[in-house]
Amino acid sequence: MKFGKRFQEEMVEQWRESYVNYKALKQLIYHSELSGVEFSRDFFAMVTEELEKAEGLFQDLLDELQQSHDELLEQDPDLPVMNPIRTLRFYRKRLHRDTRSTNGSGDSEVFDSSRASSTVDPEPGRRGCIPSVVKSLFLLIIGDSHKRAFDEHAPRAKFAEWHSSAHKLQHFAELNLEAVRKAAKKLKKHRRREGDFTIAIEAEINRSRLVTLMPRLRSLMADIDSDYERKFGDSLDQYKNVAMQQAYHAKWQFVFLSAALFCLLMFSPILSEHPPAHNCVAL
Numbered sequence: 001m002k003f004g005k006r007f008q009e010e011m012v013e014q015w016r017e018s019y020v021n022y023k024a025l026k027q028l029i030y031h032s033e034l035s036g037v038e039f040s041r042d043f044f045a046m047v048t049e050e051l052e053k054a055e056g057l058f059q060d061l062l063d064e065l066q067q068s069h070d071e072l073l074e075q076d077p078d079l080p081v082m083n084p085i086r087t088l089r090f091y092r093k094r095l096h097r098d099t100r101s102t103n104g105s106g107d108s109e110v111f112d113s114s115r116a117s118s119t120v121d122p123e124p125g126r127r128g129c130i131p132s133v134v135k136s137l138f139l140l141i142i143g144d145s146h147k148r149a150f151d152e153h154a155p156r157a158k159f160a161e162w163h164s165s166a167h168k169l170q171h172f173a174e175l176n177l178e179a180v181r182k183a184a185k186k187l188k189k190h191r192r193r194e195g196d197f198t199i200a201i202e203a204e205i206n207r208s209r210l211v212t213l214m215p216r217l218r219s220l221m222a223d224i225d226s227d228y229e230r231k232f233g234d235s236l237d238q239y240k241n242v243a244m245q246q247a248y249h250a251k252w253q254f255v256f257l258s259a260a261l262f263c264l265l266m267f268s269p270i271l272s273e274h275p276p277a278h279n280c281v282a283l
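Position one of the sequence shown corresponds to residue 1 (the UniProt record's numbering), numbered consecutively onward.
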C-alpha cells in the first residue's frame with residue numbers, strides 16, 4: 001500500500017486538520033516553478049509550518065494526558081473514579097455513534113476494552129450480520145478478542161482508556177514525521193538538481209516538538225503501565241494497538257479468500273487419494 005493511502009486511512013478523523021499536509025508537500029515538489037534558494041526557502045517554510053500545526057495538537061493532548069496521568073497514579077484501585085476528567089479530544093466515542101450519548105443523564109456506560117483503539121464505528125446495520133459474527137470468532141481464535149466489560153468509571157477502564165489514548169498520540173506523532181521523511185524522499189528523487197536536503201530535513205525533524213516531547217510521553221506511559229500492573233496484576237499491552245481495527249478491516253477479504261482456498265484444497269480428491277499431498281498441504 002502506498003504511503004499516501006495509508007496516511008489517509010490511519011488518520012484520526014477529528015484531528016485531520018492538524019496532520020502534516022503530505023499532499024501539499026508533494027504538489028510543491030512536483031509542480032513548483034521555483035528552483036535553487038527560492039525553492040528550498042519555500043519548501044522548508046512549508047515543512048516548518050506543517051510540523052508546527054501537528055506540534056500544537058500534540059502539546060495540548062500531551063498536557064491532557066499528563067493531568068489524567070497524575071490522577072490515575074493517585075487512584076485507589078478498589079474505589080470508583082471520582083469526577084473523572086474526560087480526555088474529550090481523544091474521541092474514545094466512535095465517530096458515527098449517536099452524539100446524544102455524550103449528553104446523557106450521567107448513567108454509567110460500558111467500556112469495551114477490546115475496542116478502545118478504534119477510531120471509526122462500523123455501520124449500525126452491519127453489526128449483527130454473519131460476517132461480523134465470523135470475524136469475532138476469528139479474532140477469538142487468534143487471541144485478539146480479550147473483551148472485558150468495564151464500567152466507564154471503574155479504575156481499570158480509565159487506565160485502559162488512558163493507555164489507548166497515549167498510543168494513539170504516539171502514532172499521531174510518528175505518522176506526521178514519516179510524512180515529512182517521505183516527502184524528503186520524493187524531493188531527492190524528483191529534484192536531484194536542487195541537491196540533497198536529507199540532512200537538513202532530519203535536523204528540522206529533530207528540532208520538532210513531535211520528537212523532543214516524545215521522551216516525556218514515553219515516561220508517562222511507563223509510569224501508567226507499571227502502576228496498572230502493580231495495582232491489578234495485569235498488563236496494559238493488549239490495549240495499545242491503535243491501528244488494529246483498521247488493519248483487520250482492510251485485509252478481511254483476504255482472510256475469507258484464504259479460508260475458502262484452504263477448504264477447497266482440503267476437500268480436493270488428490271488429497272484423499274494421495275496422503276503425501278495431504279501432508280504437504282498441512283505443513
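Just so you know, even glycine gets a beta-carbon here, dropped at the ideal spot from N, CA and C.
Under three-state DSSP, which class holds residue 11?
Position 11 of the sequence shown, counting from 1, holds the residue named residue 11. Of the three classes helix, strand and coil, the one that applies to residue 11 here is coil, per DSSP.
When the Cα atoms are used, what is the spatial distance from residue 265 to residue 161?
Indexing the sequence shown from 1 puts residue 265 at position 265. Indexing the sequence shown from 1 puts residue 161 at position 161. Taking the straight line from one Cα to the other gives about 43 angstroms.
Using 8 angstroms for Cβ pairs, my map puts residue 289 next to residue 12. What's the rounded Cβ distance?
Lying outside 1 to 283, the shown extent of the chain, residue 289 is not represented and no answer is given.
For residue 26, I'd like the list of residues in its chain whose CB is within less than 7 angstroms of its CB, leaving aside the five on either flank, ordered along the chain.
If you number the sequence shown from 1, residue 26 lands on position 26. Contacts found: 183, 186.
Mapping DSSP to helix, strand and coil, what is residue 154?
In the sequence shown, counting from the first residue as 1, residue 154 sits at position 154. In this structure, residue 154 counts as coil in the three-state DSSP scheme.
From residue 69 to residue 58, what does the alpha carbon distance come to, in whole angstroms?
In the sequence shown, the residue the question calls residue 69 occupies position 69. In the sequence shown, the residue the question calls residue 58 occupies position 58. Distance between the alpha carbons of residue 69 and residue 58: 16 angstroms.
So, is residue 49 buried or exposed, given that buried needs 16 or more other C-beta atoms within 10 angstroms?
Reading the sequence shown from its first residue, position 49 is the one you call residue 49. Exposed, by the Cβ-count rule.
Cβ atoms of residue 72 and residue 205: under 9 angstroms apart, would you say?
As a first step, residue 205 is located in the sequence shown; it is residue number 205 there, counting from the start. As a first step, residue 72 is located in the sequence shown; it is residue number 72 there, counting from the start. Result no, Cβ atoms of residue 205 and residue 72 do not sit closer than 9 angstroms.
How would you write the range of the alpha helix (DSSP H) that residue 233 sits in, first residue to last?
To locate residue 233, count along the sequence shown from 1; it is residue 233. No alpha helix (DSSP H) contains residue 233, which DSSP labels as neither H nor E.
Determine whether the beta carbon atoms of residue 159 and residue 236 lie at a separation below 9 angstroms.
As a first step, residue 159 must be located in the sequence shown, where it is residue number 159. As a first step, residue 236 must be located in the sequence shown, where it is residue number 236. Against a cut-off of 9 angstroms, the Cβ pair of residue 236 and residue 159 comes out as a contact.
Which of helix, strand or coil does DSSP assign to residue 205?
For the purposes of this step, residue 205 is taken as the residue at position 205 of the sequence shown. In this structure, residue 205 counts as helix in the three-state DSSP scheme.
Within a Cβ cutoff of 7 angstroms, which residues of the same chain sit near residue 55, ignoring the five residues on either side of it in sequence?
For the purposes of this step, residue 55 is identified with residue 55 of the sequence shown, where counting begins at 1. Hits under 7 angstroms: 208, 209, 210.
Straight-line CA distance for residue 43 to residue 34?
Within the sequence shown, the letter at position 43 stands for residue 43. Within the sequence shown, the letter at position 34 stands for residue 34. Approximately 10 angstroms between the Cα atoms of the pair.
Three-state class that DSSP yields for residue 214 in the structure shown
Here residue 214 is taken as the residue at index 214 of the sequence shown, counted from 1. Looking at residue 214 - three-state DSSP - the assignment turns out to be helix.
Environment of residue 81 [buried if 16+ CB atoms lie within 10 Å]
Translated into positions along the sequence shown, residue 81 becomes position 81. When all chains shown are included, residue 81 counts as buried.
When we look at the beta-carbon of residue 133 and count the other beta-carbons within 10 Å, is it buried (16 or more) or exposed?
Taking the sequence shown and counting its residues from 1, one reaches residue 133 at position 133. With fewer than 16 Cβ atoms within 10 Å of its Cβ, residue 133 is classed as exposed.
By alpha-carbon positions, which one of 216, 39, 8 ends up nearest to residue 192?
Along the sequence shown, one-based indexing puts residue 192 at 192. Comparing Cα-Cα distances from residue 192 to each of 216, 39, 8, the minimum goes to 39.
Measuring straight from C-alpha to C-alpha, what distance separates residue 202 and residue 45?
For the purposes of this step, residue 202 is identified with residue 202 of the sequence shown, where counting begins at 1. For the purposes of this step, residue 45 is identified with residue 45 of the sequence shown, where counting begins at 1. Distance between the alpha carbons of residue 202 and residue 45: 15 angstroms.
Residue of 77, 90, 63, 30 minimising C-alpha distance to residue 16
Taking the sequence shown and counting its residues from 1, one reaches residue 16 at position 16. Ranking the options by Cα distance to residue 16, first place goes to 90.
Would you mind stating whether residue 214 and residue 259 have Cβ atoms separated by less than 9 angstroms?
The residue labelled residue 214 in the question sits at position 214 within the sequence shown. The residue labelled residue 259 in the question sits at position 259 within the sequence shown. Cβ distance not < 9 angstroms, so residue 214 and residue 259 don't count as in contact.
Can you check which of these residues, 47, 14, 167, is closest to residue 65 by C-alpha distance?
In the sequence shown, the residue the question calls residue 65 occupies position 65. Nearest option by C-alpha distance: 167.
Give the single residue among 257, 212, 228, 177 whose Cα lies nearest to the Cα of residue 78.
Counted from its first residue, the sequence shown places residue 78 at position 78. For the residues 257, 212, 228, 177, the minimum Cα distance to residue 78 belongs to 228.
Within the continuous alpha helix (DSSP H) that includes residue 56, where are the two ends?
On the sequence shown, residue 56 is found 56 positions in, with the first residue counted as 1. Residues 36-73.
Is the CB-CB distance between residue 36 and residue 178 below 9 angstroms?
In the sequence shown, residue 36 corresponds to position 36, counting from 1. In the sequence shown, residue 178 corresponds to position 178, counting from 1. Contact: no.
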